[in-house]
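Novice: Chains as they are written, first to last, in numbering that gives the first Met the number 0: chain R, 0 to 206; chain S, 0 to 110.
A virtual CB, placed ideally from N, CA and C, is assigned to each residue, including glycine.
Quantities reported herein were computed from a predicted structural model and do not represent experimental measurements.
What follows is a structure written as C-alpha cells; I'll ask about it next.
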Amino acid sequence: MKLTAENIKFIDNYLKNSEVIYYDIRMEMLDHVATAVEQKMEAENLDFYDAFKGYMVVNKKEILKGNKFWSIYSKDTILNFLKFLIHPIMILISVSFYFFYKNVAVSNYFSESFTIRNLFFVFMIIVAFFQLIYFHLILKQRFFVLEKLGGLLAIIYYLQMFFMNQHEDENPSIITLTLFSYIMIAYLLYFIKEVYKFNTNKKKFVL
Amino acid sequence: MKNSQLYKGSLNTIIMKLLEEQGRMYGYEITQKVKEITKGELNITEGALYPALHKLEADGLLDVEVEKVDNRLRKYYKLTEKGTTETVNRLAELEEFIKNMQTIVNPKLSY
Numbered sequence: 000m001k002l003t004a005e006n007i008k009f010i011d012n013y014l015k016n017s018e019v020i021y022y023d024i025r026m027e028m029l030d031h032v033a034t035a036v037e038q039k040m041e042a043e044n045l046d047f048y049d050a051f052k053g054y055m056v057v058n059k060k061e062i063l064k065g066n067k068f069w070s071i072y073s074k075d076t077i078l079n080f081l082k083f084l085i086h087p088i089m090i091l092i093s094v095s096f097y098f099f100y101k102n103v104a105v106s107n108y109f110s111e112s113f114t115i116r117n118l119f120f121v122f123m124i125i126v127a128f129f130q131l132i133y134f135h136l137i138l139k140q141r142f143f144v145l146e147k148l149g150g151l152l153a154i155i156y157y158l159q160m161f162f163m164n165q166h167e168d169e170n171p172s173i174i175t176l177t178l179f180s181y182i183m184i185a186y187l188l189y190f191i192k193e194v195y196k197f198n199t200n201k202k203k204f205v206l
Numbered sequence: 000m001k002n003s004q005l006y007k008g009s010l011n012t013i014i015m016k017l018l019e020e021q022g023r024m025y026g027y028e029i030t031q032k033v034k035e036i037t038k039g040e041l042n043i044t045e046g047a048l049y050p051a052l053h054k055l056e057a058d059g060l061l062d063v064e065v066e067k068v069d070n071r072l073r074k075y076y077k078l079t080e081k082g083t084t085e086t087v088n089r090l091a092e093l094e095e096f097i098k099n100m101q102t103i104v105n106p107k108l109s110y
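Quick look at the structure:
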C-alpha cells in the first residue's frame, strides 16, 4: 500500500516538528518511516494514521536518536578540513604567506584603532553573514552538508580569539599571522569547494 | 542492535558485505535484510545505521544515488571502488577475528 503525497507531507511535518531541521537528513528519515509505515499498513491492515502512530510509539526514540548524532561541530568535518589544509597547493599558499609577512611589516599599514586582528575579525563576520544569507534566504531549506561549514568557521573564530588576544599589546608574530591568514584563505576555498559540490549534487536532495 | 557491544564493531563490515552482494540498497532495506538473514536475531537500529552509512560515505567507501520513489526521495548506497577493496580487507579481518575468538572461547571446535 503506497502512501499519498498528503501522507508524506504529514510525516515530513512531524519530523520537522520533532526538530529534524536539516532537509538532507530529514529526507532519508522520511523515506525510512514511510516505508516502514507502508509495510505496517499492509501487514496489519491498518489505515495510515493508525500505522503511523503504532510505528512511532515503538520507534520514535530510535529514529530521533539518529538526528542527535548530527552536530555541526563533528570530528569528521574537522578532519576533512585538516586533510584539505595539507594539500600541496595549500602548503604552497602557507609558505607564500610566511614569506610575505616576513618581508612586509603589515602592522604598519593598520591604524591603532583598526589592527590586523580587527581585519581577521571583520573577515570572519563577513563570511558568517554571507553564510547566513545563503543558508536561510537563498536556499530556503537547511542542509546539514553546508551548515557544518558554519560550525567550522565558529571553531576558527574561537581559535583566533584564543591565540590573537593572548598578547593584547603586541603585534601578532609572523607565525601567528601566517597561520590565521592561511587558515582563513583555506576555509574560504574549502567553503567554495563544498558549495560547488553541493550545487553539482543538488538534484540529489530536491524533489 | 542486539548485544550491541559485540556487534557494534562489525556494523560497517555488515553494511559493506550486504552492499557487495546486493549492489545498492537504501537504509530501511538494509535493516530488513539483516533481520531476514539472521531470522530476527540481529536488529540494526536507525540510530546506529544512518550515522554508520554517512561515515562510510564521508570516507569515500560508499557512493549515493537519489531517486524519486512514491512521492518521496530515496537514497541508495553502493560501494565505491575503494569501498569494494576495503570490503575484502574488512571481511578477511573479521574472519580472522572470528577464528581467533573461536580458538579462545572453544579451543576444541577450532581444530
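Distance, Cα to Cα, R/Ile-62 vs R/Asn-107?
Specialist: One-based indexing of the first sequence puts residue 62 of chain R at position 63. One-based indexing of the first sequence puts residue 107 of chain R at position 108. If you take the alpha carbons of R/Ile-62 and R/Asn-107, they lie about 57 Å apart.
Novice: If I follow the unbroken alpha helix (DSSP H) through R/Met-26, where does it start and stop?
Specialist: Looking up residue 26 of chain R in the first sequence gives position 27. Residues 22–43.
Novice: Considering S/Tyr-76, what are the terminal residues of the alpha helix (DSSP H) in which it resides?
Specialist: Taking the first residue of the second sequence as 1, we reach residue 76 of chain S at position 77. Not the alpha helix (DSSP H): S/Tyr-76 falls in the beta strand (DSSP E), residues 71–78.
Novice: Any idea if R/Met-160 is buried or exposed, counting beta-carbon neighbours within 10 angstroms, 16 or more meaning buried?
Specialist: Locating residue 160 of chain R in the first sequence gives position 161, where the first residue counts as 1. Answer is exposed; the Cβ neighbour count stays below 16.
Novice: How do the stretch 182–200 of chain R and the stretch 70–86 of chain R stand: do at least 3 beta-carbon pairs fall below 8 Å, yes or no?
Specialist: The answer is yes - the stretch 70–86 of chain R touches the stretch 182–200 of chain R, with three or more Cβ pairs under 8 Å.
Novice: Go ahead and label R/Leu-176 buried or exposed: buried means 16 or more other beta carbons lie within 10 angstroms of its beta carbon, across all protein chains shown.
Specialist: As a position in the first sequence, residue 176 of chain R is number 177, starting the count at 1. So R/Leu-176 ends up on the buried side.
Novice: Per DSSP, S/Lys-24 is paired with what?
Specialist: Residue mapping note: residue 24 of chain S aligns to position 25 of the second sequence, counting from 1. With the sequence shown as reference, residue 24 of chain S is identified as Met, and Lys is not the correct amino acid for it. In the DSSP output, where bridge partners are listed per residue, S/Met-24 has S/Tyr-76.
Novice: Between R/Tyr-72 and the rest of its own chain, which residues show a CB-CB distance below 6 Å, the 5 nearest in sequence each way excluded?
Specialist: Locating residue 72 of chain R in the first sequence gives position 73, where the first residue counts as 1. Only Gly-150 meet the Cβ criterion.
Novice: Please name the residues in the stretch 61–75 of chain S whose beta-carbon is closer than 9 Å to at least one beta-carbon of chain R, in chain order.
Specialist: So the close ones are Val-63, Glu-64, Val-65, Lys-67, Val-68, Asp-69, Asn-70, Arg-71, Leu-72, Arg-73 and Lys-74.
Novice: Answer yes or no: does any C-beta atom of chain C fall closer than 8 Å to that of S/Glu-45?
Specialist: No chain C is present in this structure, whose protein chains are R and S.
Novice: Quick test of the definition: if touching needs 3 or more C-beta pairs under 8 Å, does the stretch 28–48 of chain R touch the stretch 67–85 of chain S?
Specialist: Contact between the stretch 28–48 of chain R and the stretch 67–85 of chain S is present, because at least three Cβ pairs lie under 8 Å.
Novice: Does the Cβ-Cβ distance between S/Leu-61 and S/Thr-79 come in under 8 Å?
Specialist: Residue 61 of chain S sits at position 62 when you count from the first residue of the second sequence. Residue 79 of chain S sits at position 80 when you count from the first residue of the second sequence. Contact flag set, yes.
Novice: Just tell me which of S/Ala-57, S/Arg-23 and S/Ile-13 has its CA closest to the CA of S/Ile-36.
Specialist: Translated into the one-based positions of the second sequence, residue 36 of chain S becomes position 37. It is S/Ile-13 whose Cα lies nearest to the Cα of S/Ile-36.
Novice: Identify whether S/Leu-61 lies in helix, strand or coil by the three-state DSSP scheme.
Specialist: As a working note, residue 61 of chain S is residue 62 in the second sequence. Of the three classes helix, strand and coil, the one that applies to S/Leu-61 here is strand, per DSSP.
Novice: In terms of residues, what are the limits of the alpha helix (DSSP H) holding R/Pro-87?
Specialist: Sequence index remark: in the first sequence, residue 87 of chain R carries index 88 (1-based). R/Pro-87 -> alpha helix (DSSP H) spans 87–102.
Novice: Can a CB atom of chain S be found closer than 8 Å to the CB of R/Ala-4?
Specialist: One-based indexing of the first sequence puts residue 4 of chain R at position 5. So, interface residue.
Novice: Does S/Glu-66 come out as helix, strand or coil in the three-state DSSP assignment?
Specialist: Residue numbering aside, residue 66 of chain S sits at position 67 when the second sequence is read from its first letter. Residue state, collapsed to three classes: strand.
Novice: In whole angstroms, what separates the C-alpha of R/Leu-152 from that of R/Asn-16?
Specialist: Reading the first sequence from its first residue, position 153 is the one you call residue 152 of chain R. Reading the first sequence from its first residue, position 17 is the one you call residue 16 of chain R. If I take the Cα positions, the gap works out to 28 Å.
Novice: Is any beta-carbon of chain S found at less than 8 Å from that of R/His-31?
Specialist: For the purposes of this step, residue 31 of chain R is taken as residue 32 along the first sequence, with counting starting at 1. True, the Cβ-Cβ gap to chain S drops below 8 Å.
Novice: Enumerate in chain order the residues of its own chain whose CB-to-CB distance from R/Lys-39 is below 6 Å, with the five nearest sequence positions on each side excluded.
Specialist: Translated into the one-based positions of the first sequence, residue 39 of chain R becomes position 40. Ala-50 and Tyr-54.
Novice: How long is the line joining the alpha carbons of R/Ile-124 and R/Glu-146, rounded to whole angstroms?
Specialist: Counted from its first residue, the first sequence places residue 124 of chain R at position 125. Counted from its first residue, the first sequence places residue 146 of chain R at position 147. Rounded to whole angstroms, R/Ile-124 to R/Glu-146 spans 16 Å at the Cα level.
Novice: Quick one: is S/Tyr-49 near chain R, going by C-beta distance under 8 Å?
Specialist: Working through the second sequence from its first residue, we reach residue 49 of chain S at position 50. For S/Tyr-49, the answer is yes, since a Cβ of chain R falls inside 8 Å of its Cβ.
Novice: Using beta carbons (cut-off 8 Å, strictly below), is R/Glu-61 in contact with chain S?
Specialist: Position 62 of the first sequence, counted from the start, is the residue given in the question as residue 61 of chain R. Chain S, which has a Cβ nearer than 8 Å to the Cβ of R/Glu-61, makes this yes.
Novice: Please tell me whether R/Asn-12 and R/Phe-47 are closer than 8 Å, where the distance is taken between their beta carbons.
Specialist: Translated into the one-based positions of the first sequence, residue 12 of chain R becomes position 13. Translated into the one-based positions of the first sequence, residue 47 of chain R becomes position 48. No, these two residues do not count as a Cβ contact at 8 Å.
Novice: Under 8 Å Cβ-Cβ, which residues of chain R neighbour S/Tyr-27?
Specialist: Taking the second sequence and counting its residues from 1, the one referred to as residue 27 of chain S is at position 28. Within 8 Å Cβ-Cβ: Asp-30, His-31, Thr-34 and Ala-35.
Novice: Pull up the CB-CB distance for R/Ile-115 and R/Val-105, whole angstroms please, since I reckon it's below 8 Å.
Specialist: Residue mapping note: residue 115 of chain R aligns to position 116 of the first sequence, counting from 1. Residue mapping note: residue 105 of chain R aligns to position 106 of the first sequence, counting from 1. The pair is a contact, with the Cβ atoms about 6 Å apart (cut-off 8 Å).
Novice: Using a Cβ-Cβ distance cut-off of 8 Å, determine whether R/Lys-39 contacts chain S.
Specialist: Within the first sequence, the letter at position 40 stands for residue 39 of chain R. No, because no Cβ of chain S sits closer than 8 Å to the Cβ of R/Lys-39.
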